[in-house]
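Numbers -19 to -1, 1 to 709, taken from mature numbering (1 follows the signal peptide of the UniProt record, and there is no 0), label the letters of the sequence shown in order.
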Amino acid sequence: MKTWPLFTLAFIFVQITTALVPKPERHVNGADWYFVNDRIAYEHNYQHCYILHDAQKRLSERLRQRPIPLDSLLPAVPKKGLTQIQIQIEKGCNESETIMWPSEKMNEQYSLSVSDGKIELQAEEIWGILHGLETIAQLVRLNQHSTGSYDPEIAIYTQNDIKRVLEYCRLRGVRVLPEFDTPGHTVSWGKGEPELLTKCYSDGRPNGKLGPVDPTTEFTYKFMGKLLTEVKSVFPEKLIHLGGDEVDFSCWASNPDIQSFMKLMDYGTDYTKLQSYYMRKVIGLTQTTGRHPSTAIVWQEVFDDGFRDVNNTIIHVWKMEHWQDEMNRITEAGFPVIYSSQWYLNYIQYGIDWPNYYTLDPTKFGGSLEQVALVRGGEATMWSEYVDETNLISRSWPRGAAVAERLWTSGELSVDEFRPRLEQLRCQMLSIRTLVPKPFRVDPGTEVYIVSTEIAFEHDYTNCYILHDAVRRLADRLRLRNSPTNNQTSPTAMVNTVRIRIIRGCDESGGALWPSESMSEMYTVLVTDGELTIEAEEIWGVLHGLETIAQLVYRSQTNTGAYDPEAYVYTQDDVKRVLNYCRLRGIRVMSEFDTPGHTKCWGKGYPDLLTKCYSEGKPDGRLGPVNPITNYTYDFMWKLMDEIKAVFPDNMIHLGGDEVSFTCWASNPDVQAFMEEMKFGDDYSKLQCYYMERLSELAQKAGGGRPMTTFVWQEVFDHGFRVSLHFM
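Right under this line is the structure:
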């Protein structure tokens, strides 16, 4: 029997199947725990089963990346080590002559047992083994030995992490302000500093739970003073968010020491007064600790609960209900305000929601000019209840750009004007004339210039390291630019130089420049006589000017037009890579080519395939669904089916058939004549059934006659299709 060693770190094999997905049909839990160490080996006789070899490599990678279990799952003492994974495939596995593909009839059952220092994995076919190896991967956890499961390098930001973030943002002119939300939202703080939090009581005794920060002890304010001192030593920003939202008073109310403090302060049972007391003291610390005084930001509850002491404190409005009234009250009391209420990007819905963000003006709350002047800005928020690194970017962008442009722009905004710019931004700003955010003033010319690959940047700011970094990034952006659609332009001249002028200069030889609340971000970009000129009062405006240039410049694709088939379509090689990737994981891949509707893009390459739409008896330039009455259509589909069968091994194919608009068919005189000839009347669902019947027949006969089972969407059945027994 051949042995393949598995090199790993130290692992624990967890014999608990409650966490398995999908849940096995039958499982028996043992009480034992095992070490899986670097001596474990695969044992089997399937030398030419390349699917299995690939699965072994993947399992090794999976095990190295396994998360740490919760403390409650860690065993006191593992029983012993596991040294073997024995694999038995009843029907064998030999790919020396023909590769194996998953199919509709494949057997995916498996059995897995753990005993006597080994894992036994059995299945009738290789596809069951793949599922068994997945089960092993889910059962194994990384062991952290005696240090416990908490890894500070993984679970927290170190100061070095923060400094890297700050520098990354500084070079792009982005301010970073910290938030340390207290006294609520501090459960995790109690893990390291339990004295900081309030002990909760039940029936006059501590019940083991911890509540918000304890606002009555000297320890709390010493801790917060040290924290703020450290924060200020790292963050150059003079704004700091102190939180203050969603404080549950029940734990405070249960604690006898806090009850005594409430009596001493004559607060009665009004715990909002206790919160205001706490916030006053912490805000005071922002003024007296660290290297500079800071301006505090707090959530609206702090104001709502009666805080009125420090008038330069900024109130952050986040509640969606009655936000206009809230903004009015806060500014009427003389407090500056930041708005977020309707800009919670973590809230998602099907369809487009960005117009709601774009059209909302946070200054329209009915206040006076003096009150409106207190609106300091806004914040698009992304909270992490259901968001992590896997979906953060897709939820934030491009939706966040709608908020950004709203905050950059005064007055009324046009959704219709912004829509095409946002759509292009969604494609990573691949189109010329797409500027986000839109400049305050644009004077577009008609000339098109070639930007030389040897373009030079001319300026006198030798020690402006922010500018040097931005120039390097722009050069990278220009190399990666794709072309706009329908490029039919003739260049006027070549741009060889970008001249940069910063009115206030830029010199970092004596220290790094940081963006601040008072920075000027205005800039001018001028294109004339083969030269680009950027002028700005400060470096921060130049950064925006360089971004504008990056969005305006695109890569030429000679005279072939802007369409790049390598970038916009799947080649056969792409498809084959996908198929093999899935094959090695026991996954079937079924093709779908949805017709006769959903084919607008088909018309870009094959306009004769689609139906010409008519208005008032004349073609109106639009194209509708696939034309179901021409021989060209069925010749095209025959060739397509030939190609599909040559590439896809699966005997199922989805032919679509959903959401077909009949209006274009009904407008076309040739289609109308065909309807009359076929005695379909004006029932275009019969025409769709006619098309699907012919397409089904082609699916069976093309590609050497390899039989296929065809899928269609329910509308095909709803419209009366009842012909082929091969349909699903």
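Ideal Cβ positions, reconstructed from N, Cα and C, are used throughout, including at glycine.
I'd like to know whether the C-beta atoms of residue i and residue j end up nearer to each other than 8 Å.
| i | j | result |
| --- | --- | --- |
| glycine 165 | aspartate 238 | no |
| isoleucine 221 | alanine 277 | yes |
| asparagine 309 | glycine 348 | yes |
| glutamine 323 | glutamate 307 | no |
| threonine 340 | valine 353 | no |
| methionine 363 | leucine 373 | yes |
| leucine 679 | methionine 622 | yes |
| threonine 294 | isoleucine 329 | no |
| glutamate 502 | glycine 522 | yes |
| alanine 104 | isoleucine 70 | yes |
| valine 697 | methionine 673 | yes |
| arginine 458 | alanine 531 | yes |
| proline 379 | glycine 154 | no |
| tryptophan 233 | tyrosine 252 | yes |
| histidine 273 | lysine 219 | yes |
| isoleucine 110 | tyrosine 91 | yes |
Going straight from the alpha carbon of residue i to that of residue j, what length do you get?
| i | j | result |
| --- | --- | --- |
| glutamate 360 | phenylalanine 16 | 49 Å |
| serine 183 | arginine 454 | 59 Å |
| lysine 38 | glutamate 89 | 20 Å |
| valine 368 | asparagine 327 | 7 Å |
| asparagine 463 | lysine 190 | Per-residue confidence for asparagine 463 stands at a pLDDT of 49, beneath the threshold of 50, marking its modelled position as unreliable; the derived number appears in the next sentence. Using only the alpha carbons, I get a separation of about 57 Å. |
| glycine 315 | serine 642 | 58 Å |
| tyrosine 331 | proline 187 | 47 Å |
| residue 772 | threonine 691 | Since the first residue shown for the chain is -19 and the last is 709, residue 772 is missing from the structure and cannot be characterised. |
| asparagine 632 | arginine 569 | 10 Å |
| glycine 578 | glycine 701 | 17 Å |
| methionine 87 | histidine 525 | 57 Å |
| serine 275 | arginine 400 | 39 Å |
| serine 375 | proline 5 | 33 Å |
| residue 730 | aspartate 342 | As displayed, the chain neither begins before -19 nor continues past 709, which places residue 730 out of reach and without an answer. |
| methionine 410 | glutamate 115 | Because methionine 410 carries a pLDDT of 44, less than 50, the predicted location of this residue cannot be relied on, and the following value inherits that uncertainty. If you take the alpha carbons of methionine 410 and glutamate 115, they lie about 40 Å apart. |
| glutamate 24 | tyrosine 551 | 39 Å |
| valine 318 | arginine 289 | 14 Å |
| glutamate 528 | leucine 406 | 13 Å |
Run the CB neighbour count on residue i, radius 10 Å, all protein chains shown included, and call it buried at 16 or more, exposed below.
| i | result |
| --- | --- |
| tryptophan 335 | buried |
| glutamine 553 | exposed |
| serine 395 | exposed |
| methionine 246 | exposed |
| methionine 301 | exposed |
| proline 600 | exposed |
| leucine 120 | buried |
| glutamate 386 | buried |
| alanine 382 | buried |
| aspartate 699 | exposed |
| leucine 40 | buried |
| alanine 627 | exposed |
| serine 96 | exposed |
Among residues of its own chain, excluding the 5 on either side of residue i, which ones have a beta-carbon nearer than 8 Å to its beta-carbon?
| i | result |
| --- | --- |
| isoleucine 100 | Phe(-7), Leu63, Gln65, Ile66, Gln67, Leu93, Ser94, Ile117 |
| histidine 440 | Leu448, Arg480, Ile481, Arg482, Ile483 |
Measure the beta-carbon distance from residue i to residue j and round it to whole angstroms, keeping in mind my assumption that it falls under 8 Å.
| i | j | result |
| --- | --- | --- |
| valine 215 | lysine 144 | 7 Å |
| tyrosine 320 | valine 356 | 7 Å |
| proline 196 | tyrosine 248 | That belief does not hold up - the Cβ atoms of proline 196 and tyrosine 248 are roughly 11 Å apart, past 8 Å. |
| cysteine 645 | proline 606 | 6 Å |
| tryptophan 82 | arginine 564 | 6 Å |
| valine 432 | valine 534 | 5 Å |
| lysine 592 | glycine 637 | Checking the displayed sequence, the identity of residue 592 turns out to be threonine instead of lysine. Between glycine 637 and threonine 592 the Cβ distance is about 16 Å, and since that is not below 8 Å, they are no contact. |
| cysteine 181 | glycine 192 | 5 Å |
| asparagine 649 | tyrosine 613 | With a Cβ gap of about 15 Å, asparagine 649 and tyrosine 613 do not count as contacting. |
| leucine 560 | glycine 584 | The Cβ separation is near 28 Å, so there is no contact. |
Can you list, in chain order, the residues of its chain whose CB lies under 7 Å from that of residue i, leaving out five sequence neighbours each side?
| i | result |
| --- | --- |
| glycine 271 | Leu209, Thr210, Lys213, Ser214 |
| arginine 675 | Tyr615 |
Tell me which same chain residues have a C-beta within less than 6 Å of the C-beta of residue i, skipping the five on either side of it?
| i | result |
| --- | --- |
| threonine 163 | Val194, Gly224 |
| serine 490 | Asn444 |
| valine 479 | Phe438, Leu513 |
| leucine 507 | Thr514 |
| serine 572 | Ile625, Phe629, Ile634 |
| histidine 29 | Asn75, Glu76, Ser77 |
| lysine 682 | none |
| aspartate 555 | none |
| glutamate 516 | Arg482, Thr505 |
| cysteine 670 | His700, Gly701, Phe702 |
| phenylalanine 200 | Glu176 |
| aspartate 488 | Asn444 |
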